[in-house]
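Quick notes on the structure that follows.
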Amino acid sequence: MTSLTGTPSGPLIGGDRITESSGGTYQHIYPATGRPNATIHLAGSTEIDLAVDSAWQAHSEWVSLSVDQRRDRLIDLADVVHEHLDELTRLNVSDYAVPISLAGNAMLLERFLRHFAGYVDKPHGRSTPVAGSFDVNLVEREPYGVVGVITPWNGSLVVIGSCVAPALAAGNAVVLKPSEVAPLAALRFGELCLAAGLPVGLVNVVPAGPDGGDALVRHPGVRKIHFTGGAATARKVVRAAAENLTPVVAELGGKSANIVFDDADLDAAAQRAAFQGPVMQSGQSCACASRVLVQESAYDAFLDKFAAAIETALVGDPLDPGVMVGPVISQDAADRIVAAIDQTVADRSGALILGGKRIGGELADGYFIEPTVFGDVDNRSALAQSETFGPVAAVMRFREEADAVRIANDTVYGLNAFVQTTDLARAHRVARQLQAGSVWINQFSDISPQGPYGGYKHSGFGRTGGLEGLYEFLQTKNIRIGMPAT
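Add 963 to the 1-based position in the sequence shown for the numbering used here, that's all there is to it.
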């Protein structure tokens, strides 16, 4: 197993690295080895105050630039990120042991930066007449000022791209709070912002635990919060933000269904289901399709192909380019996932087809779990209804199209849904009935800067990406101009 050793890291505020902070320290553990990797100095309320003050100063400088200048600075940042793609990718692996073969998050960050750089001069207003007078309303969009972006441990670079990039393009400054569990790539991104010539303090990076995060959300100088994470924490964020009536965008979890009809290319569908399920980040992604719904007439053939596809995915050292499956994030996570597997076996709510155990041998020190498949799962079971957030797939049968839609929608979540079929009329018909923010037909969840992304129901509110994602960081102002009657 390749050893990764980090150095002490702390908040980056106003261009300065803070190594003595009020939030204490966090010992970062590399999940592939279970050994300490870096000491993280955490932001407390003192550092949050400094970060917000610094961001407001930088915001004044940022909005004083022309749209052409701001666009060019963001392109410069994309260029700097491009020059450091390998470094950011390795830090992404170091953060949470995602296999380097799947760690394309740095490239996606660059794509988001370039995309939203092109939006800097695109927001436009409109004029409207006023009934009963010759006055004119000018409707304009302007930045909030300082926004807080809270990223999860399992993909900070993607969230930086989808949230920080549009926030900057809209004219805001950002206080970025990565999870204390995985802050290394985000901290390096903050340094790259300075290297690209962005105003000092425009992006302040404050790794923090719950107390620091609470201070950020409650800070009266933060005018909007974008949170990505779990529903339980989201409820705390929304309640805390409500004290100052601060608006919140929330991108939360999922229990997405992948519907496989009997006319689908079963080989391709099995490969997609394997990657989108237990293989992708070891199931540790809100985008995962952990429920696989298969039409009864194709069930047995698909299940064999699905299990075979998962078995070919190599488990091991995340820095090995051939490895597809890495560890889960922590010992606690491993214990929770194994308990969910054991409970499913005990209550007979699904038949264990593949996996189900911790991996020993040379991987025993890390938090590795066998990719696991249950067949004939009861959709009312805990396995089908709760977000396992691990390499576990629940496969179930359906007979008719209406059954598939009903089962897919029978969840409190609504982030993604997937449809595998060669009948495009059916694909569109089903897609419009699925209660999900994104529906992917015959493909993976290939998130792009052009498309809005977000959830229904308990999977959140608001969007990232596309024009909708940009507008999340702009507020509307109406200016009425009095015109004398002629």
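All C-beta atoms in this analysis are idealised placements derived from N, C-alpha and C, irrespective of residue type, glycine included.
Short Cβ contact (8 Å threshold) for residue i with residue j
i, j, result
"Glu1350", "Val1212", "no"
"Ala1347", "Ala1356", "no"
"Val1223", "Ala1231", "no"
"Val1340", "Gly1313", "yes"
"Gly1216", "Ala1194", "yes"
"Ala1252", "Asn1372", "no"
"Leu1028", "Ala1148", "no"
"Leu1155", "Trp1025", "no"
"Arg1443", "Asp1035", "no"
Endpoints, the alpha helix (DSSP H) within which residue i is located
i, result
"Gln1234", "1229-1237"
"Gly1176", "1173-1181"
"Thr1196", "1194-1205"
"Met1070", "1068-1080"
"Glu983", "No alpha helix (DSSP H) holds Glu983; DSSP gives it neither H nor E."
"Ala1006", "Run containing Ala1006: none; DSSP gives neither H nor E here."
"Phe1097", "Segment: none, Phe1097 is in no alpha helix (DSSP H) and carries neither H nor E."
"Glu1046", "1030-1046"
"Leu1155", "1147-1158"
"Val1169", "Unbroken run through Val1169: none, as it is neither H nor E."
Cβ-based neighbour list, residue i, same chain, cut-off 6 Å, excluding 5 preceding and 5 following
i, result
"Leu967", "Note that Leu967 scores a pLDDT of 48, beneath 50, so its modelled location is shaky and nothing firm can be said."
"Thr965", "Only weak support is given to the placement of Thr965: the predicted model assigns it a pLDDT of 48, under 50, and the question is left unresolved by the model."
"Thr1052", "Ala1066, Ala1069"
"Gly1124", "Leu1071, Leu1072, Phe1075"
"Trp1116", "Tyr1059, Ser1142, Val1144, Ala1145"
"Ala1178", "Ser1008, Ile1011"
"Val1278", "Val1288"
"Ala1171", "Gly986, Leu1005, Ala1006, Lys1140"
Closest residue to residue i among the options (Cα-Cα distance)
i, options, result
"Gly1175", "Ala1276, Gln1413, Gly1111", "Gly1111"
"Asp1226", "Phe1331, Gln1383, Glu1046", "Gln1383"
"Ile1038", "Met1070, Gly1081, Arg1053, Asp1012", "Gly1081"
"Ser1401", "His1391, Leu1150, His1045, Gly1418", "Gly1418"
"Ala1158", "Pro1447, Ala1041, Leu1387, Thr988", "Ala1041"
"Arg1362", "Val1242, Thr1385, Glu1259", "Glu1259"
"Asp1310", "Arg1104, Thr1439, Phe1337", "Phe1337"
"Arg1254", "Phe1352, Ala1203, Val1127", "Phe1352"
"Glu1325", "Asp979, Ile981, Gly997, Gln990", "Gly997"
"Arg1235", "Pro1210, Glu1103, Phe1265, Gln1247", "Phe1265"
"Glu1214", "Gly978, Tyr1416, Arg980, Met1446", "Tyr1416"
"Phe1190", "Gln1406, Lys1140, Cys1156", "Lys1140"
"Val1083", "Glu1105, Gly1095, Val1257", "Glu1105"
"Val1257", "Gly1445, Asp1366, Glu1431", "Asp1366"
"Arg1181", "Asn1167, Val1201, Leu1150", "Val1201"
Run of the beta strand (DSSP E) containing residue i, from where it starts to where it stops
i, result
"Phe1190", "1187-1191"
"Ile1442", "1437-1444"
Same chain, Cβ closer than 7 Å to residue i, five either side skipped, listed in chain order
i, result
"Ser985", "Gly1007, Ser1008, Thr1009, Glu1010"
"Val1109", "Val1015, Ala1018, Trp1019, His1022, Asn1135, Ala1136, Val1138, Gly1184, Val1185, Arg1186"
"Ala1237", "Phe1269, Ala1272, Ile1273, Ala1276"
Neighbourhood of residue i by C-beta, 8 Å cutoff - its chain only, sequence neighbours within 5 removed
i, result
"Gln924", "With the chain represented from 964 up to 1449, any question about residue 924 goes unanswered, as that position is not in the structure."
"Glu988", "Checking the displayed sequence, the identity of residue 988 turns out to be Thr instead of Glu. Once the five neighbours on either side are set aside, the close Cβ partners of Thr988 are Thr1002, Ile1003, His1004, Leu1005."
Cutoff 8 Å: residue i Cβ touching any chain C Cβ
i, result
"Ala1041", "Protein chains in the displayed structure number just one, and chain C is not present."
Taking only runs that begin and end inside the stretch 1274-1327, name each unbroken alpha helix (DSSP H) of 4 or more residues, in chain order.
Runs of the alpha helix (DSSP H) inside the stretch 1274-1327: 1294-1310.
Ignoring anything shorter than 3 residues, give me the beta strand (DSSP E) runs that lie fully in the stretch 1329-1354, in order along the chain.
Fully enclosed beta strand (DSSP E) runs of 3 or longer: 1335-1338.
Can you give, in chain order, each stretch of the beta strand (DSSP E) that sits fully within the stretch 1373-1402 and has at least 3 residues?
Complete beta strand (DSSP E) runs here, min 3: 1379-1383.
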